[in-house]
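Add 16 to the 1-based position in the sequence shown for this note's numbering, that's all there is to it.
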Amino acid sequence: MTTGEDLPEARGFEAIQPERDDPAESDRSARLADTRLFGYLDTSRRVRVVIELDLPGCAVRDLRREHAAAGAFQAALGSCVDTNERESLAPFARWLEGRGATDVVLLGLNPSIAATVDGNTLRALTVSEQVARVHYDEREAGLLGYSGIEVRAALRTQTFIDAGLNGGSGGRAGGSQRLGVLELNDGTNFPNVAHAGFAVPVLGLSRFVANRDCRSGNCVNTSSTGIDNHGTRVARVLAGSIELGTDPNITDPFERTRRSGGAQLGTLYYYSVANTCSSWRAAVQRAVLDGIDVLNISAFITDSGTIGTAPCWTNGSCGGLSGDLFSAAEAGTLVVAGMGNDGDPGLNACNAKYPARHRDVFAVGGINTDFHTVNYDTSLIANASSRGGVDTRLWTGTMIQRAQAVADIATPMRYRYFYQSPPFGYDSANWSGTSLAAPAAAAALAMLRQQFASIGWPNSDARLLHVHGLLMGDSYHADLGFDEPRGLDRRSGSGRAHFHYPYSPSLVWPWGWGWHIFDIGPGQSVEFPIGGGGPLSSSIRQWKGAMLWREVYDASAPDIVFEVRDHCPSGGGGPVVIASDWSYDYHKRIELGQGLITNRCLHYRVRVLSMAGANTRRVYVAQYFHSGDPVNH
17 MTTGEDLPEA RGFEAIQPER DDPAESDRSA RLADTRLFGY LDTSRRVRVV
67 IELDLPGCAV RDLRREHAAA GAFQAALGSC VDTNERESLA PFARWLEGRG
117 ATDVVLLGLN PSIAATVDGN TLRALTVSEQ VARVHYDERE AGLLGYSGIE
167 VRAALRTQTF IDAGLNGGSG GRAGGSQRLG VLELNDGTNF PNVAHAGFAV
217 PVLGLSRFVA NRDCRSGNCV NTSSTGIDNH GTRVARVLAG SIELGTDPNI
267 TDPFERTRRS GGAQLGTLYY YSVANTCSSW RAAVQRAVLD GIDVLNISAF
317 ITDSGTIGTA PCWTNGSCGG LSGDLFSAAE AGTLVVAGMG NDGDPGLNAC
367 NAKYPARHRD VFAVGGINTD FHTVNYDTSL IANASSRGGV DTRLWTGTMI
417 QRAQAVADIA TPMRYRYFYQ SPPFGYDSAN WSGTSLAAPA AAAALAMLRQ
467 QFASIGWPNS DARLLHVHGL LMGDSYHADL GFDEPRGLDR RSGSGRAHFH
517 YPYSPSLVWP WGWGWHIFDI GPGQSVEFPI GGGGPLSSSI RQWKGAMLWR
567 EVYDASAPDI VFEVRDHCPS GGGGPVVIAS DWSYDYHKRI ELGQGLITNR
617 CLHYRVRVLS MAGANTRRVY VAQYFHSGDP VNH
């Protein structure tokens with residue numbers, strides 16, 4: 017905030033009084049309008065507050081009575097607000113800024129100030145004689161954590177919903193998207209299937225088709241339900257919705273939206289597992305039999321192996337679970353899993369959880385979204401999010417340390433407004449973790465699959481959906497804060513999720529979108545033009561491409577590279593490579609900016625550098641280009 021010239025002292029009190037001795041807890045409680053603020057006292061954490069000062073406000077009723085002439089009331093009210101802000105609030109605001117407060121806003125009608133402060137300043141506010149009360153600033157910044165509205169805006173999935181893509185159709189088994197939730201269960205983690213957020217609009221029936229208890233290694237239906245548990249919170253982010261009026265107690269459209277999740281009309285299947293490989297295997301196998309389109313896993317199980325650096329083994333299998341995950345992808349079920357919440361182990365270490373680090377699983381890291389006012393487009397990976405980087409052993413026997421990124425994408429990991437007790441009720445406390453980042457990505461991928469179906473693209477191939485998910489990252493190296501246009505960052509994948517669907521209103525003309533599936537063998541290469549193959553327009557500001565292959569032998573990999581070549585270089589001659597991903601990852605990604613696109617005849621190429629003889633690999637490629645703002649892609 018800029019205050020301009022020096023201002024006179026505030027009316028009725030000294031500009032800033034010295035702090036009094038520390039009051040008793042009862043006195044503090046009288047100053048704090050919400051006891052949750054106690055958690056911020058004497059800490060370095062920052063919180064958005066409204067500070068109500070002990071001053072008279074502008075008496076609207078009296079002013080309206082005293083200034084009845086047309087326009088006079090508004091002028092009188094404006095003068096009162098302006099006087100309060102200039103003479104009363106500005107000195108206090110300068111004091112706040114001197115203590116490091118940010119985003120200071122003067123609210124002169126009922127004299128108060130909105131600001132983001134640290135714990136020490138909050139403590140000082142509770143002993144200042146000018147302060148009447150301190151409140152959470154729910155209007156300006158809310159409590160810690162994104163709500164449904166901000167997550168949709170961040171991922172750009174609101175565009176899907178506005179276009180009618182909400183999980184209500186396009187499932188590969190026909191009808192609604194079938195969304196699975198696999199959860200570790202200690203006997204209490206059953207879903208709150210009766211909550212209105214999971215009800216079919218108008219009919220009131222639960223969208224939970226099945227609630228399967230697989231803990232014994234044999235999946236059986238159960239009627240057990242939860243109240244406010246981990247599984248219910250995960251399902252809320254994935255598919256909870258009250259936007260069509262299923263909860264009559266919440267009527268405001270804004271409030272309905274922020275208590276809702278992603279794929280709002282998808283049908284739900286729940287799988288409870290114990291901490292045993294046999295129960296996990298039973299759940300994944302059952303999900304495939306149920307025809308699940310997207311299976312969200314916000315849990316992990318310990319897994320070991322013999323190849324790679326512990327604890328991120330390359331060839332761990334958990335009694336055959338890795339084979340089931342491969343089979344799920346073959347059958348068309350895309351498995352999405354959170355990376356874990358073990359924090360940053362350092363640049364040369366890995367702590368990604370299993371099964372997220374299995375390469376047939378779409379792995380999701382967490383973006384730091386502590387406040388919903390945070391700029392999603394610049395926010396970094398959250399400190400609590402696990403990082404990737406697993407080893408690759410080539411078919412030649414060579415071991416490449418931390419060659420594979422593990423993370424595919426990152427989404428917000430802190431949320432609020434969760435379902436509480438049936439049939440209504442909400443918990444506005446904050447919950448965080450990649451457990452909640454994963455279902456945000458899973459919901460977006462389900463809506464992308466629905467769009468595939470609506471335009472006639474294959475919607476039964478999980479790996480085609482997976483490679484498009486890789487394409488949705490913004491190439492942001494989210495640990496260090498700069499673009500990573502060539503290849504995946506081994507710690508944070510392809511960056512923050514920015515979902516766009518393949519249809520022109522989601523981009524800006526000229527635009528193009530395409531995909532290819534093909535088999536490739538030793539010494540072979542396959543190439544496709546970008547656009548028509550001729551010189552590209554200067555209006556195209558970005559091109560993005562992603563590639564992955566179906567890997568059967570996870571401890572004996574080929575060496576396959578992804579390149580972009582210019583077929584009409586300015587100096588003449590043959591094609592010239594202008595960008596490449598030569599990593600040893602099974603997943604590849606390249607992004608080009610305008611300077612590498614204009615007037616070039618671009619083609620993207622997949623090339624096998626090394627592969628065991630008499631072998632082939634099934635390769636999936638997706639690409640798009642557009643003339644819109646690259647920041648939004």
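Quick reminder that beta carbons are idealized off the backbone N, C-alpha and C, glycines included. Please read all numbers here as calculations on a predicted model, not as lab measurements.
Given a cut-off of 8 angstroms, decide if residue j and residue i are closer than it, judged by their beta-carbon atoms.
{"i": "C230", "j": "A298", "result": "yes"}
{"i": "Q652", "j": "G282", "result": "Examination of residue 652 is not possible in this model, given that the chain is present from 17 through 649 alone."}
{"i": "R479", "j": "R566", "result": "yes"}
{"i": "Y310", "j": "L461", "result": "This sequence places Val at residue 310; Tyr is not what is there. Yes, the pair counts as a contact, with Cβ atoms nearer than the cut-off."}
{"i": "T213", "j": "G256", "result": "Reading off the sequence shown, one finds Gly at residue 213, where the question assumed Thr. The answer is yes: Cβ separation under 8 angstroms."}
{"i": "R605", "j": "A573", "result": "no"}
{"i": "V380", "j": "D340", "result": "no"}
{"i": "W559", "j": "I546", "result": "yes"}
{"i": "L564", "j": "H482", "result": "yes"}
{"i": "T312", "j": "V250", "result": "Residue 312 is actually Asn in this sequence, not Thr. In this structure, V250 lies closer than 8 angstroms to N312 by Cβ."}
{"i": "H516", "j": "S522", "result": "yes"}
{"i": "N227", "j": "T238", "result": "yes"}
{"i": "T248", "j": "N208", "result": "yes"}
{"i": "H388", "j": "S163", "result": "yes"}
{"i": "R557", "j": "G644", "result": "yes"}
{"i": "P217", "j": "L181", "result": "no"}
Count the other CB atoms, across all protein chains shown, that sit within 10 Å of the CB of residue i; report buried if there are 16 or more and exposed otherwise.
{"i": "I471", "result": "exposed"}
{"i": "E82", "result": "exposed"}
{"i": "P72", "result": "exposed"}
{"i": "F270", "result": "exposed"}
{"i": "E101", "result": "buried"}
{"i": "N633", "result": "According to the sequence provided, residue 633 is Arg. The question's Asn does not apply to it. It counts as buried."}
{"i": "R155", "result": "Low local confidence applies: a pLDDT of 41 at R155 is under 50, so the model's placement there is unreliable, and no value is given."}
{"i": "L125", "result": "exposed"}
{"i": "T394", "result": "exposed"}
{"i": "R61", "result": "exposed"}
{"i": "T15", "result": "Residue numbering for the chain in the displayed model covers 17 to 649; residue 15 lies beyond these limits and cannot be assessed."}
{"i": "T268", "result": "Checking the sequence, you will find Asp at residue 268 rather than Thr. Exposed is the call here."}
{"i": "V593", "result": "exposed"}
{"i": "L159", "result": "Caution is warranted here: a pLDDT of 37 is assigned to L159, below 50, making its placement in the model unreliable, and the coordinate value is therefore given only provisionally. Buried."}
{"i": "E145", "result": "exposed"}
{"i": "Y636", "result": "buried"}
{"i": "A458", "result": "buried"}
{"i": "D263", "result": "buried"}
{"i": "A170", "result": "buried"}
{"i": "V647", "result": "exposed"}
For residue i, write down the residues that DSSP places opposite it in a beta bridge.
{"i": "A638", "result": "W531 and A562"}
{"i": "G472", "result": "Bridge partners of G472: none, in fact."}
{"i": "N312", "result": "V197 and V352"}
{"i": "G382", "result": "T427"}
{"i": "D597", "result": "F578"}
{"i": "L618", "result": "D582"}
{"i": "L523", "result": "L523 pairs with nothing; no bridge assigned."}
{"i": "G489", "result": "A513"}
{"i": "A573", "result": "L410"}
{"i": "H603", "result": "L564"}
{"i": "I536", "result": "R633"}
{"i": "E82", "result": "None; E82 has no bridge partner."}
{"i": "G609", "result": "Q558"}
{"i": "D505", "result": "G509"}
{"i": "L48", "result": "V150"}
{"i": "L552", "result": "T614"}
{"i": "S451", "result": "Answer by DSSP bridge pairing: none, since S451 is not bridged."}
Comparing alpha-carbon positions, which option in the options lies nearest residue i?
{"i": "S599", "options": "L504, S60 and V63", "result": "L504"}
{"i": "N234", "options": "R375, A290 and P127", "result": "A290"}
{"i": "T408", "options": "G321, T267, G191 and I533", "result": "G321"}
{"i": "D582", "options": "D601, I613 and I576", "result": "I613"}
{"i": "A368", "options": "V351, S402 and F378", "result": "S402"}
{"i": "A421", "options": "N364, D477, H388 and T389", "result": "N364"}
{"i": "G405", "options": "R373, I594 and A130", "result": "R373"}
{"i": "D601", "options": "H619, A571 and P585", "result": "A571"}
{"i": "T175", "options": "Q467, L625, H603 and N475", "result": "Q467"}
{"i": "S476", "options": "N136, A189 and E68", "result": "A189"}
Taking only runs that begin and end inside the region 199-260, name each unbroken beta strand (DSSP E) of 3 or more residues, in chain order. The beta strand (DSSP E) runs of length 3 or more contained entirely in the region 199-260 are, from start to end of the chain, 224-229.
Counting only runs of 3+ residues fully inside the region 115-194, write out the beta strand (DSSP E) ranges in chain order. 118-123, 128-134 and 147-152
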